[in-house]
Amino acid sequence: MWRAMLLLFRLSTSSAWNEVLDWLLPAGKSLAVAYLVSYIFISNFIIFNSYVAVLLAGYEQVSSSPRGIAK
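Counting with mature numbering (1 follows the signal peptide of the UniProt record, and there is no 0), you get residues -16 to -1, 1 to 55 for the letters of the sequence shown.
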């Protein structure tokens, strides 16, 4: 269980995904390759959107304060 979670974490951070792809290609598992590619795209999309949401929340907080950044 922990190894699977660690593998999914590595895939979501785009760390050594090509090694996982090299394991799957000789096995001839086309559905597994499709899962791998879709998981990488979806997890990176979620991480990127979370990052943008944090940036926008910080910008909104700074721009709504009467003093702004400068004193």
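The C-beta atom is built at its ideal place from N, Cα and C for all residues, glycine as well.
query: Give the straight-line distance between the Cα atoms of L39 and N33, rounded to the nearest whole angstrom.; result: 10 Å
query: If distances are taken between C-alpha atoms only, which option among F(-8), M(-12), W(-15) and A(-13) comes closest to N28?; result: F(-8)
query: What would DSSP say about A(-1), mapped onto helix, strand or coil?; result: coil
query: Count the other C-beta atoms from every protein chain shown that fall within 10 angstroms of the C-beta of L(-6), then say buried if there are 16 or more, exposed otherwise.; result: buried
query: Determine the DSSP secondary structure at A41, reduced to helix, strand or coil.; result: helix
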